[in-house]
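According to this note's numbering, the sequence shown is numbered sequentially starting from 1159.
By construction, the Cβ of each residue, glycine as well, lies at the ideal position given by its N, Cα and C atoms.
What follows is a set of notes on a single structure, which appears directly below.
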Amino acid sequence: MRVTAEIMGSETQELELRANATYGDLLGAVGLSPHEATVLVDGRPVPNDGAIDTEHVRVLRLIKGG
1159 MRVTAEIMGS ETQELELRAN ATYGDLLGAV GLSPHEATVL VDGRPVPNDG AIDTEHVRVL
1219 RLIKGG
């Protein structure tokens, strides 16, 4: 399955994922973990273990401080 991932504040990536991939798999494919980012579909966060059912997502990096 082909998915476009818009990483907010950064870049857009075209990904080729397996048919039963999850949103957590998508985060891994863009080099992020669920602790670093969340996936948004139609402006709403989706669970990391949910099956991908769309062709376009936005990835929002979570705020980090130190």
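Checklist line | Bounding residues of the beta strand (DSSP E) (the contiguous stretch that carries Ala1177) | finding: Numbered from 1 along the sequence shown, position 19 holds the residue referred to as residue 1177. Unbroken run through Ala1177: none, as it is neither H nor E.
Next item on the list: Run the CB neighbour count on Ile1221, radius 10 Å, all protein chains shown included, and call it buried at 16 or more, exposed below.
Entry: Numbered from its first residue, the sequence shown carries residue 1221 at position 63. The residue is exposed, with fewer than 16 neighbouring Cβ atoms inside 10 Å.
Notebook entry, point to check: So, helix, strand or coil for Leu1184, using DSSP?
Noted result: Position 26 of the sequence shown, counted from the first residue, corresponds to residue 1184. Of the three classes helix, strand and coil, the one that applies to Leu1184 here is helix, per DSSP.
Checklist line | Beta-carbon spacing of Leu1198, Leu1218 below 7 angstroms | finding: For this step, residue 1198 is matched to residue 40 along the sequence shown. For this step, residue 1218 is matched to residue 60 along the sequence shown. Contact check for Leu1198 against Leu1218 passes: the beta carbons are separated by less than 7 angstroms.
Next item on the list: Under 6 angstroms Cβ to Cβ from Thr1212, same chain only, skipping five residues before and after it: list those, please.
Entry: Counting from 1 along the sequence shown, the entry for residue 1212 is found at position 54. Closer than 6 angstroms at Cβ, skipping near neighbours: Val1199.
Notebook entry, point to check: Hey, which unbroken runs of the alpha helix (DSSP H) at 4 residues or more fall wholly within the region 1190-1220?
Noted result: List check, alpha helix (DSSP H) in window: nothing returned.
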